[in-house]
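Those letters in the sequence shown? Residues 2 to 357, per the working numbering, in order.
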Amino acid sequence: MKSKVYIIRVSQEDNRENICAKLNKLIDSSKVLDFLKAGQSAALKMHFGEVGNAGYVRPEYAGVISQAILKRKAKPFLSDTNTLYSGKRTNSVDHLALAYEHGFKPEVVKARVIIPDDSKSENVKEIKQDNQYVKNASIAKLFWDADAIVGIAHFKGHLMTGFGGALKNLGMGCATRPGKLFQHCNVAPYVIVKNCTACKACIAVCPAIAIALKPDKAFIDPQKCIGCASCLAACKFHAIDVKWESGGDQIQEKIVDFAHAVLSNKKGKAAFFNFCLKITQECDCLAQDDPRIVPDIGIMASNDPVAIDKAGFDLVTKAAGKDIFKELHPKRDGMKQLKYAAKLGLGNLEYKLVEI
Ligand code: SF4
Ligand code: SF4
């Protein structure tokens, strides 16, 4: 049976007030949040936008979804995990400060914003899996502990996956930093020698004693590295990086395996919103105030993460008159993530689009 994907159309002429009203209508008509029961906690998986990014889903829209959850007497909170790359979202303190700067304050989003510190083991959940690419998915525990999950994604292009929507938001977005390192990369991080000041901060945090000064610059022994990603956060001089492309062939399957892990205790307890607005070539970690690759399309809602991403992909392709994601990222076929997710039983590639 086809999954239902609901859409309410939004154009660039709509202001934020209009969009909030449309989002409310979408929630009421689609009933995608009606599975929530009084007292249940609901994790709203967000991306609060990197510094300078203008494409992230606006706090007012997260606030509308929070209020709809509160109306059902459930308990929403907003969250995201820290990034692997070094920036303003690498650690929980700066990440929360940036979320506030971008307007995600409790009075606007009607919920608390929590950024878990995955360097503390009590914030990490390791999920054993029998999937082809991931046997142990390391995710932020608060997503596992929540009774329900609501994915709120900006649908847009992506350097590594062609496009990113609900699956990417869950699979990469709920992963701890070691989980993200595993997805991105098949090899250990490396030292950018010219940036290294020999401060030894990375050596102090490495649990595998994989880093040493050789002779006056840090060196990472790939044979000893266990991929925990601690050194990436510890280095304040941008002297440790990852070969981002090295995991490229399998990154989509790994992301989907992580999404599968995140959803493994959320059967019938998940909803997804894809905001097909300001659709950019790159994701909200990279894009600044980048131009749209197609005009705004609308907001989508579904309880099926595969169907909603497939519908988003089809609508963007139709609006562009071609597979624009493939044109912009020729080495990446975004359909790979969808086909693999359908194979795992995460959702349906066939859907019925319901216009609200
Ligand atoms: S933390 Fe960075 S700068 Fe310091 S020794 Fe390690 S690589 Fe070099
Ligand atoms: S990723 Fe972890 S184990 Fe590997 S070198 Fe860095 S701190 Fe050490």
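Every residue gets a Cβ at the ideal spot worked out from N, C-alpha and C, and that includes glycine. Source: prediction; values computed, not measured.
Taking 7 Å as the cut-off, is the beta-carbon of C229 closer than that to any non-hydrogen atom of ligand 1? Looking up residue 229 in the sequence shown gives position 228. Outside the cutoff, so no.
Given the structure, does T198 come close to ligand 1, in the sense that its CB is under 7 Å from one of the ligand's heavy atoms?
The sequence position of residue 198 within the sequence shown is 197, counting from 1. Distances from the CB of T198 to the heavy atoms of ligand 1 include at least one below 7 Å.
Review point. Anyone know if the C-beta pair for V192 and A240 falls short of 8 Å?
Key: The residue given as residue 192 occupies position 191 in the sequence shown. The residue given as residue 240 occupies position 239 in the sequence shown. Their beta carbons are under 8 Å apart, which means V192 touches A240 by this criterion.
Alpha carbon to alpha carbon, how far is S4 from K353?
Reading the sequence shown from its first residue, position 3 is the one you call residue 4. Reading the sequence shown from its first residue, position 352 is the one you call residue 353. Those two C-alpha atoms are separated by around 6 Å.
How do the region 225-232 and the region 197-215 stand: do at least 3 beta-carbon pairs fall below 8 Å, yes or no?
Yes: at least three Cβ pairs fall under 8 Å.
- Task: Measuring alpha carbon to alpha carbon, tell me which of A288, L79, K255 and N275 ends up nearest N304.
- Result: The count along the sequence shown starts at 1 and reaches residue 304 at position 303. When each option's Cα is compared against that of N304, the closest is N275.
| Does the count of Cβ pairs from the region 73-82 and the region 39-57 closer than 8 Å reach three? | Yes: the two stretches touch, three or more of their Cβ pairs being nearer than 8 Å.
Point to revise | Within the region 266-348, ranges of the alpha helix (DSSP H) (whole runs, at least 4 residues) | key: Counting only runs of 4 or more, we get 306-321, 325-329 and 336-344.
query: Using the beta-carbon count (16 or more within 10 Å), is T281 buried or exposed?
result: Within the sequence shown, residue 281 is the residue found at index 280, counting from 1. By the 16-neighbour rule on beta-carbons within 10 angstroms, T281 is buried.
| query | Are there 16 or more other CB atoms within 10 angstroms of the CB of T162, so buried, or fewer, so exposed? | reply | For this step, residue 162 is matched to residue 161 along the sequence shown. Looking at its Cβ environment, which holds 16 or more other Cβ atoms inside 10 Å, T162 is buried.
- Could you please give me the residues that DSSP links to A43 through a beta bridge? As a first step, residue 43 is located in the sequence shown; it is residue number 42 there, counting from the start. For A43, the pairing in a beta bridge is given by DSSP as P77 and A149.
field: Closest by C-alpha distance to G88, when choosing among V125, V110 and G50
entry: As a position in the sequence shown, residue 88 is number 87, starting the count at 1. Nearest of V125, V110 and G50 to G88, Cα basis: G50.
Q | I221 in three-state terms, based on DSSP | A | For the purposes of this step, residue 221 is taken as residue 220 along the sequence shown, with counting starting at 1. In the structure shown, I221 sits in a strand (DSSP, three-state: E or B).
- request: Starting from Y7, follow the beta strand (DSSP E) in both directions and report where the run begins and ends.
  value: Residue 7 sits at position 6 when you count from the first residue of the sequence shown. Y7 -> beta strand (DSSP E) spans S4 to R10.
| said: DSSP three-state label for Y57, please. | reply: One-based indexing of the sequence shown puts residue 57 at position 56. Under the three-state reduction of DSSP, Y57 is assigned to coil, being neither helix nor strand.
Exercise. So what does DSSP say about D242, is it helix, strand or coil?
Worked result: Taking the sequence shown and counting its residues from 1, one reaches residue 242 at position 241. In the structure shown, D242 sits in a strand (DSSP, three-state: E or B).
With three or more beta-carbon pairs closer than 8 Å as the criterion, would you say the region 195-203 touches the region 53-62? With a cut-off of 8 Å, the region 53-62 and the region 195-203 do not count as touching, because too few Cβ pairs lie within range.
For D222, collect the residues of the same chain with a Cβ closer than 7 Å to its Cβ; drop the 5 residues on either side in sequence, then sort them by chain order.
-> Taking the sequence shown and counting its residues from 1, the one referred to as residue 222 is at position 221. Closer than 7 Å at Cβ, skipping near neighbours: A211.
Q) Which runs of the beta strand (DSSP E) spanning at least 3 residues fall entirely within the region 172-208, listed in chain order? A) The beta strand (DSSP E) runs of length 3 or more contained entirely in the region 172-208 do not exist; there are none.
_From K26, L85 and N137, residue whose alpha carbon lies closest to that of S120_ = Counting from 1 along the sequence shown, the entry for residue 120 is found at position 119. Looking at the Cα atoms, L85 is the closest of the given residues.
Exercise for review: Given a cut-off of 8 Å, decide if E356 and I140 are closer than it, judged by their beta-carbon atoms.
Suggested key: Here residue 140 corresponds to residue number 139 of the sequence shown, with the count starting at 1. Here residue 356 corresponds to residue number 355 of the sequence shown, with the count starting at 1. Cβ distance not < 8 Å, so I140 and E356 don't count as in contact.
Option nearest K126 by Cα separation, candidates N132, D118 and Q251 | Looking up residue 126 in the sequence shown gives position 125. Looking at the Cα atoms, D118 is the closest of the given residues.
Next on the checklist: Does the beta-carbon of I193, which I'm using as the reference point, lie nearer than 7 Å to any heavy atom of ligand 2?
Outcome noted: Position 192 of the sequence shown, counted from the first residue, corresponds to residue 193. For I193, the shortest C-beta to heavy atom distance toward ligand 2 is 7 Å or greater.
- Task: Return the CA-CA distance between I252 and G104, expressed in angstroms with no decimal places.
- Result: The count along the sequence shown starts at 1 and reaches residue 252 at position 251. The count along the sequence shown starts at 1 and reaches residue 104 at position 103. Straight through space, the alpha carbons of G104 and I252 are spaced by roughly 32 Å.
- Message: Going by C-alpha to C-alpha distance, which of D334, P296 and E328 sits closest to L316?
- Response: Residue mapping note: residue 316 aligns to position 315 of the sequence shown, counting from 1. Per the Cα distances, P296.
How is the beta strand (DSSP E) around A230 delimited, first residue to last?
The sequence position of residue 230 within the sequence shown is 229, counting from 1. Counting along the chain, A230 falls outside any beta strand (DSSP E), and DSSP gives it neither H nor E.
Q) Within this structure, are the beta carbons of C175 and F259 separated by less than 8 Å? A) Stepping through the sequence shown from its first residue, residue 175 is reached at position 174. Stepping through the sequence shown from its first residue, residue 259 is reached at position 258. Cβ atoms of C175 and F259: closer than 8 Å.
For this session: Tell me whether G163 sits in a helix, a strand or coil according to DSSP, three-state version.
Result: In the sequence shown, counting from the first residue as 1, residue 163 sits at position 162. Under the three-state reduction of DSSP, G163 is assigned to strand.
Which of the three DSSP states is assigned to Y352 in this structure?
Along the sequence shown, read from residue 1 onward, the residue named residue 352 stands at position 351. Secondary structure at Y352: strand, using DSSP grouped into helix, strand and coil.
Notebook entry, point to check: Where does V135 sit, in a helix, a strand or coil, going by DSSP?
Noted result: What you label residue 135 is simply residue 134 of the sequence shown in a count that begins at 1. Three-state result, V135: coil.
Per-residue burial, V307 [other beta carbons within 10 Å of its own, 16 or more giving buried]:
In the sequence shown, counting from the first residue as 1, residue 307 sits at position 306. It counts as buried.
**Range of the contiguous beta strand (DSSP E) that encloses E127** = Walking along the sequence shown from the start, residue 127 turns up at place 126. Here the beta strand (DSSP E) through E127 covers V125 to K129.
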